[in-house]
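Participant:
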Amino acid sequence: MMGSRYQGFQHLQEVAGDLLLSEYNDYSNTRSLLTFKCSECAESFVTTPFLYLKSNDGKRCINCKHKLRVTEQESRRVFIDRCIQIHGHYYGYNLIPSQFKMKDKIDIICPKHGVFSQLADSHLQGRGCNHCKIDYISQANRSNKTDFIYKSNQVHEFKYNYEQVEYVSATTNVSIKCPKHGEFFQQPQVHLSGSGCPKCVSNVPIKKLMNVLERHNYNFSLEKTFPDCVSNLGRKLRFDIYVPSLNLCIEYDGPHHFYPIRYAGYIESDEQQNNRLYIQQQNDDIKNKYCNDNNIELIRIPYTTKHPDALLEKWLGTKDPSNRYHYTYDMLSRDVVHIIQYIKGFGYDKFAVYGIARGGILFSVPVSYHFDKICEYGVVSYQRYDGNDSTVRFDITHTDTSIPIFIIDDLISSGITMNKVIKSMQHKFKKATIHPIVVFGDENPDNVFFVREHPKQWIVFPYEL
């Protein structure tokens, strides 16, 4: 339906209008995670362009999906039945009026503490009597804290200090002290699953992001809080990483930011899981608004991002001039000569040159012009959607499928694109010898000829200026 990235985004803008909060740079394809505003509840939510365009207004917004709503036309009886489904027969609803809105406060009877007022919408989200909650927490905290510390020591073999733990719930961060890096905050359920000090952890997304910042000599803090950035329950919200010199917050959004998660060892109803997701997304919205209102840069990296460190490198390159490597036309000319000399060394009478769009075309075109009559030219387009499915498209100009093929790209980091293209070439041209050429690279798939070593900075090509 959408021919190109620009046309796809333009079509999305035509459908969503002002309800589309994300910008063009956030859009890669129809499976990108973008932020929209709901025309019904006016709250923001995250979904993909594919799902947004597929659904109608009532089914797009996850807030509207997971909040049980009662319209003015629905009866008082229906509302009470829904409350009983969530809270059982614990509360009394005799004082509820016959007509009310979901944002109205209603009087509810607690059998232990008497009448209390609460938003109808909040009660359907699982909230109840605050006094009961305080009683329950004070009674459960001591035994839960002891149990948590005991289990944590079994899991982490007495590595951490838990003296500052104030246990509230399995999903509320507690203070834990690492003997090497000091205090950090973590959810008890996450800690008991085996996660520990984020600075000790290796080969995880947060660690990769930390490595990027350390490589560029940025000071940063983990689990950053701001005094006035609080949840609807009054708790300080924490940002994964904060870089003071850039006034930058970085959030790595795991699966629990996008859909309900069932944690091992915890028995929860679908309603409780949906409520937890709703609260998580509310907190995300609060953080987004806080950063926007206070001119704080915020990078959100969804868990579907294959290389979060590369994304951060790119962002730093656009913001920090010291992190840019300017690749000039003079450099390009010299590298084209190197590629030509490399190809001449094979002594082929006839061959084909393919450039991987778009960066590889900058080099493949002048190379093919140099060889002229003995060289066929083509273009390879590679599109990756969510890290799992991809499309490789060829603009084929040669008919002899046995002649050698040189594939040229501008840079390589993970090797995913080049490996996919090579495999597709081998499938399409089974008799051909394939020679991959890359101008910049730091990871080497089999038999790739590198013209230059990757500078570990954000490379600015001439066509990007």
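Under this note's numbering, the first residue of the sequence shown is numbered 4, with each subsequent residue one higher. The C-beta atom is built at its ideal place from N, Cα and C for all residues, glycine as well.
#1: Answer yes or no: do Q410 and V370 have a C-beta to C-beta separation smaller than 8 Å?
#2: Grab me the residues of I364's own chain with a C-beta within less than 8 Å of its C-beta, minus the 5 sequence neighbours each way, in chain order.
#3: Looking at C-beta atoms only, is the number of pairs between the segment 81-97 and the segment 287-295 that lie closer than 8 Å three or more?
#4: Using a Cβ-Cβ cutoff of less than 6 Å, which residues in the same chain neighbour H134 once the five nearest sequence positions on both sides are dropped?
#5: Determine the extent of the beta strand (DSSP E) in which C252 is found, giving its start and end residues.
#6: Determine the burial state of R238: buried for a count of at least 16 other Cβ atoms within 10 Å of its Cβ, exposed for fewer.
#7: Taking DSSP as the reference, what is the three-state secondary structure of L71?
#8: Residues bridged to C113 by DSSP?
#9: Got a sec? Which residues, its chain only, sit under 6 Å from K202 by beta carbon, not counting five neighbours each side?
#10: Distance check for S325 and V158, CA to CA, integer angstroms please.
#11: Could you give the residue range of the beta strand (DSSP E) that holds T307?
#12: Using the three-state DSSP reduction, which class does T228 fall into: helix, strand or coil?
#13: Count the other C-beta atoms from every protein chain shown that fall within 10 angstroms of the C-beta of L15, then say buried if there are 16 or more, exposed otherwise.
#14: Out of Q460, P439 and P458, point me to the one whose CA is closest to N490's CA.
#15: DSSP on R327, reduced to helix/strand/coil?
#16: Between the C-alpha atoms of V118 and L236, what's the straight-line distance to the nearest angstrom?
#17: Give every residue of the same chain whose Cβ lies closer than 6 Å to the Cβ of P208, excluding the five residues on either side of it in the sequence, and list them in chain order.
#18: Between the Cα of N422 and the Cα atoms of T404, P247, K434 and V441, which residue gives the shortest distance?
#19: Restricting to Cα atoms, I'd like to know which of K106, K104, D107 and S120 is closest to G95.
#20: Looking only at its own chain, which residues have a Cβ that is under 7 Å from the Cβ of L24, when we skip the five neighbours before and after it?
#21: To which residues of the same chain is D389 closer than 7 Å at the C-beta, ignoring the five residues directly before and after it?
Facilitator: Taking the coordinates as given:
#1: According to the sequence as given, residue 410 is Ile; it is not Gln. Contact flag unset, no.
#2: G358 and V382
#3: no
#4: H116
#5: L251 to D256
#6: exposed
#7: Interpretation of L71 is limited by its pLDDT of 43, a score under 50 that renders its predicted location unreliable; no figure is taken from the coordinates.
#8: G117
#9: H184
#10: 43 Å
#11: Premise fails: T307 is in no beta strand (DSSP E) and is neither H nor E.
#12: strand
#13: buried
#14: Because residue 490 is not part of the residues shown, which for the chain are 4 to 468, the question remains open.
#15: strand
#16: 21 Å
#17: Y255 and P311
#18: V441
#19: S120
#20: T38, F39, K40 and S47
#21: Since pLDDT at D389 reaches only 39, below the 50 mark, its modelled position is unreliable, and the value read off the structure follows with that caveat. Once the five neighbours on either side are set aside, the close Cβ partners of D389 are R34 and T307.
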